[in-house]
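Taking it in order: structure first as structure tokens, then the write-up.
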Amino acid sequence: MIKILQAFLKRISLWLWPEVCPFCGKVYRQGICTACRRKLEHLKVREPRCMQCGKPIRYAEQEYCHDCTHTHHFYDRGLSLWLHKAPVNTSIYQFKYHNQRRYGIHYAEELIRTYGHMIKRWNPDLIIPIPLHKRRRKKRGYNQAQIISAEIGKNMNIPVDTKSLIRCISTNPQKTLNHDERKKNLSHAFAVRKGFVPVSTVLLIDDIYTTGNTIDYAAKTLKKAGVEKVYFLTISIGQGY
């Protein structure tokens, strides 16, 4: 009876709020529409890419992008789906700031389709979404990284931990700061709750990778707590060089 009621409510929900393409907003019940799928194909991050952060690079001989060549990262490796350009950037903006939570399901499906084999290779004990400070979480109503994490965890049978890593300082938005300010902004932003039992490998999930400072300091905090390896996945990433 409960399952029948849930199916009925879902059908009513889809009638009132029909499924739309997360990139153009047009009604489309199969997720990403054909036209947007073609656009995304041009933004897909392909080889050659940085062996650490996954940004596209010009030549395979480089191995690492400029940022990773000159910066020590605390995470081990990461990958992203698309370059942070239209229509990806506008889609993520809607996802984060305009309550388009359903977009997270489509992002997770694409991450699994593209990098499911890498997730299996990394073999994470836990998936941890990059946390929001409680004040920002309350204002927004949800953590976008948590939505993606929940979908990946459910589909790949990996536990998702939304409690252990916390954002203990309400930082300024990273997009408003330069590189040095971003590092200072995040230097003491994260903490691990008392009672956290360290595991071998953690997969961090976030929406965007720019300089990597957010993921770096989250990884540093986890490794300081005893985690051995930290990987990450994001929806989009900045251009490498």
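The numbering used here puts the first residue of the sequence shown at 6, with every later residue one more than the last. Ideal Cβ positions, reconstructed from N, Cα and C, are used throughout, including at glycine. As the structure is a computational prediction, the values presented were derived from the model and not from experiment.
Legend entry - Unbroken beta strand (DSSP E) run spanning F237, endpoints: K234 to I242
Inset, instruction - For H77, name the three-state secondary structure that DSSP assigns. - result: coil
Legend entry - Three-way DSSP call (helix, strand, coil) for T206 in this model: strand
Inset, instruction - Use the C-beta contact count for A65: other C-beta atoms within 10 angstroms, 16 or more gives buried, fewer gives exposed. - result: exposed
Inset, instruction - Could you please give the first and the last residue of the uninterrupted beta strand (DSSP E) stretch that includes G83? - result: R82 to L88
Inset, instruction - Return yes when the Cβ of V207 is within less than 9 Å of the Cβ of L131, no when it is not. - result: yes
Inset, instruction - Decide if L21 is buried, meaning its Cβ has at least 16 other Cβ atoms within 10 Å, or exposed. - result: With a pLDDT of 45 at L21, under the threshold of 50, the predicted position of this residue should be treated as unreliable, though the coordinate-derived value follows. Counting Cβ neighbours within 10 Å, L21 comes out exposed, since fewer than 16 surround it.
Inset, instruction - Work out the CA separation of I157 and R63 for me, nearest whole Å. - result: 31 Å
Inset, instruction - Decide yes or no for the touch test of the region 222 to 232 against the region 79 to 86: beta carbon pairs closer than 8 Å, at least 3 of them. - result: yes
Inset, instruction - Would you mind reading off the limits of the beta strand (DSSP E) that contains A113? - result: Premise fails: A113 lies in the alpha helix (DSSP H), Y108 to W127, not in any beta strand (DSSP E).
Inset, instruction - Count the other CB atoms, across all protein chains shown, that sit within 10 Å of the CB of Q149; report buried if there are 16 or more and exposed otherwise. - result: buried
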